Amino acid sequence: MEKVIVEEQQGTTLELTSKEQNSRKLYIESYGCQMNFSDSEIVASILSDQGFNTTSNIEEADLVLVNTCSIRDKAEQTVRKRLEKYQRVKQKANPKMKVGVLGCMAERLKSKFLEEEKIVDMVVGPDAYKDLPNLVAEVDEGRDAVNVILSKDETYGDIAPVRLDSNGVTAFVSITRGCDNMCTFCVVPFTRGRERSRDPQSILEEVQQLADKGFKEITLLGQNVDSYLWYGGGLKKDFKNATPMQQATAVDFANLLHMVARAQPHMRIRFSTSNPQDISDDVLHAIAEHRNICNYIHLPVQSGSDRILKAMNRLHTREEYMRLIDRIHAIIPNCAISQDMIAGFPTETEQDHQDTLSLMEYVKYDYGFMFAYSERPGTLAARKLEDDVPEDVKKRRLNEIIAVQRRTGFERAQFFVGKTVECLIEKESKRSDQHWAGRNSQNYVTVFPKENYKVGDYVMVEVTDCTSATLIGTPIGLSDMKGPVTYETQK
Ligand code: SAH
Ligand code: F3S
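Residues 1 to 491, numbered by full-length UniProt numbering, are exactly what the sequence shown covers, in order.
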């Protein structure tokens, strides 16, 4: 997801509408963050112009691509296992198939992949997808192909995106690529390169195309969306060298939010991910001002200890983060907040861990994505710090973090019981074909009887019950998506 890693989505294949003139078959499988899923749609779009239709049957594929994640060791192990599976399919059922590795693992391991995994014919990093036609031609001629060159300006802003029509209601639109933050545990700056922003005009056009197709909600995607800055192209770090004119007319993330919200008053807008050190009060005011920008911020913190935050190169303190939380609640009534947390970063003591738990008690997060520290080769933490917290201690601390999250999530969800929420219907509930599932502004999955409503409707739902992450209710009518939905203040 969002950056957010949606477990149920891992390994999903993409199947798009076919072009009749295409004769070859592409099977593409994606792992990791939302950006990877979004990139796979770009890849499928590029290859659709090269004679490939997508298939969900690996045994009939001419080309098998796997879009990979390097964020934790476990993510890489999952992909290695998939490659073994491809090997078996190739031997038993489909000797003609070629295999390509895309994404972060491709970038991290480069041509080493070809030596380590005999099944792999092609290795393509996240900035090299436009070179796929050439790389496929190389492979067709029996040669291995590699392109892992990172770019300072590639944003794929000019690729007409092809959507995986899963629900036709919600879609992701990427606005920045790469990350300049250099958190010491994180491999992303190495696998996805320097931070660059996409032309706001091309973002607005893509959103318009989605609106024309009937989509109702978009999520603006980036490793660090609050750092978005458009001044005519180029890296964020070079902004200081831009002309005075470019600097004066630059578009930052708050500006972009205003532009998209005004252009599409009937579409919901979400965004992910926010970095505490980069989110501005202007962004908070933009969220508060526009009815159609959802009241939900994913605000990873990673640790509640100042010492660990410093060692992670997170450029804010615990106190600054808490004051930011206060400002969010003061500016945006009923804003849901979620976290990413890492348990067992090198040198983390029991006291540091307690600081994390007490920060969580302060914030009372609505949701969380929690991980045990996994050392990533090449990162500053791996080079400078020993991975010295024993696995069982990491696991125990992680479980304690998860327990606090479950409790505060449930408390937050209970706030909505007895209230009426606006819900955008996305699909049938997983548990019952008599119920719809959608989300409210605060991103809580909301389940209610179907009645005569349909996918894509905004419905007002009276909440009667909840679990820690799901609201259960009764629909009371369509929403006009005009006036604001307000509750007494939640803090
Ligand atoms: N800014 C990015 C972060 C991507 S990584 C984004 O949100 O788009 C997602 C999360 O994975 C991080 O916030 C962090 O909590 C976790 N993570 C990253 N590197 C990790 C590591 N080496 N070990 C454990 N968790 C890690
Ligand atoms: Fe990674 Fe930190 Fe960027 S977590 S993606 S280096 S903000």
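Heads up, the beta-carbon is just placed ideally off N, CA and C, and yes, glycines get one too. Quick caveat: nothing in here was measured; it's all calculated off a predicted structure.
Buried/exposed call for residue i, threshold 16 Cβ in 10 Å
i	result
residue 155	buried
residue 212	exposed
residue 478	exposed
residue 25	buried
residue 88	exposed
residue 434	exposed
residue 100	buried
residue 464	exposed
residue 350	exposed
residue 352	buried
residue 298	buried
residue 276	buried
residue 2	Because the pLDDT of residue 2 is 32, which lies under 50, any placement of that residue in the model is unreliable, and the number read from its coordinates should be weighed accordingly. That one is buried.
residue 236	buried
residue 184	buried
residue 267	buried
residue 432	exposed
residue 38	buried
residue 304	buried
residue 355	buried
residue 36	buried
residue 327	exposed
residue 195	buried
residue 399	exposed
residue 226	buried
Close Cβ partners of residue i (< 8 Å) along its chain, the five nearest in sequence each way excluded
i	result
residue 378	108, 187 and 190
residue 168	213, 214, 215, 455 and 456
residue 491	Below a pLDDT of 50, predicted positions are generally treated as unreliable, and residue 491, at 49, falls in that range; the measurement from the model is reported next regardless. 329, listed in sequence order.
residue 208	263 and 264
Own chain partners of residue i with C-beta closer than 7 Å, once the 5 adjacent residues on each side are dropped
i	result
residue 148	106, 107, 110, 123, 125 and 128
residue 18	53
residue 282	254
residue 160	45
Any non-hydrogen atom of ligand 2 within 6 Å of residue i CB
i	result
residue 104	no
residue 498	Any answer about residue 498 is impossible in this case: the structure gives the chain only from 1 up to 491.
residue 69	no
residue 34	no
residue 277	no
residue 224	yes
residue 313	no
residue 179	yes
heavy atom of ligand 1 below 6 Å from residue i C-beta
i	result
residue 91	no
residue 37	no
residue 184	no
residue 340	yes
residue 371	yes
residue 374	yes
residue 72	yes
residue 273	yes
residue 300	yes
Beta-carbon proximity list for residue i, same chain, < 6 Å, skipping 5 on both sides
i	result
residue 10	31
residue 102	65, 67 and 124
residue 441	294 and 295
residue 270	219 and 294
residue 287	293 and 332
residue 375	382 and 387
residue 416	463 and 471
Given residue i as reference, the closest of the options once Cα atoms are compared
i	options	result
residue 340	316, 416 and 369	369
residue 250	210, 198 and 216	198
residue 253	238, 221 and 245	221
residue 193	112, 346 and 178	178
residue 509	75, 71 and 83	There is no way to answer for residue 509, as the model of the chain reaches only from 1 to 491.
residue 337	344, 322 and 348	322
residue 61	35, 41, 303 and 98	98
residue 33	471, 259, 71 and 45	71
residue 460	80, 475 and 281	475
residue 473	354, 331 and 421	421
residue 246	301, 36, 233 and 280	233
residue 409	391, 445 and 396	445
residue 468	423, 411, 63 and 144	411
residue 371	210, 405, 217 and 51	405
residue 452	436, 43, 40 and 300	436
residue 367	389, 385, 425 and 335	335
residue 284	344, 325, 426 and 120	325
Note to self: What ranges does the alpha helix (DSSP H) occupy inside the segment 332-404, keeping only unbroken runs of at least 4 residues that lie completely in it?
What the structure shows: For the segment 332-404, whole alpha helix (DSSP H) runs of length 4 or above, ordered along the chain, are 350-363 and 380-384.
Next item on the list: Write down every uninterrupted run of the beta strand (DSSP E) in the UniProt domain "MTTase N-terminal" (24-141) whose length is 3 residues or greater and which is fully enclosed by it, in chain order.
Entry: Entirely contained in the UniProt domain "MTTase N-terminal" (24-141), the beta strand (DSSP E) runs reaching 3 residues are, in chain order, 24-30, 52-54, 63-68, 98-102 and 122-124.
Note to self: Ignoring anything shorter than 3 residues, give me the beta strand (DSSP E) runs that lie fully in the segment 209-254, in order along the chain.
What the structure shows: Runs found: 217-221.
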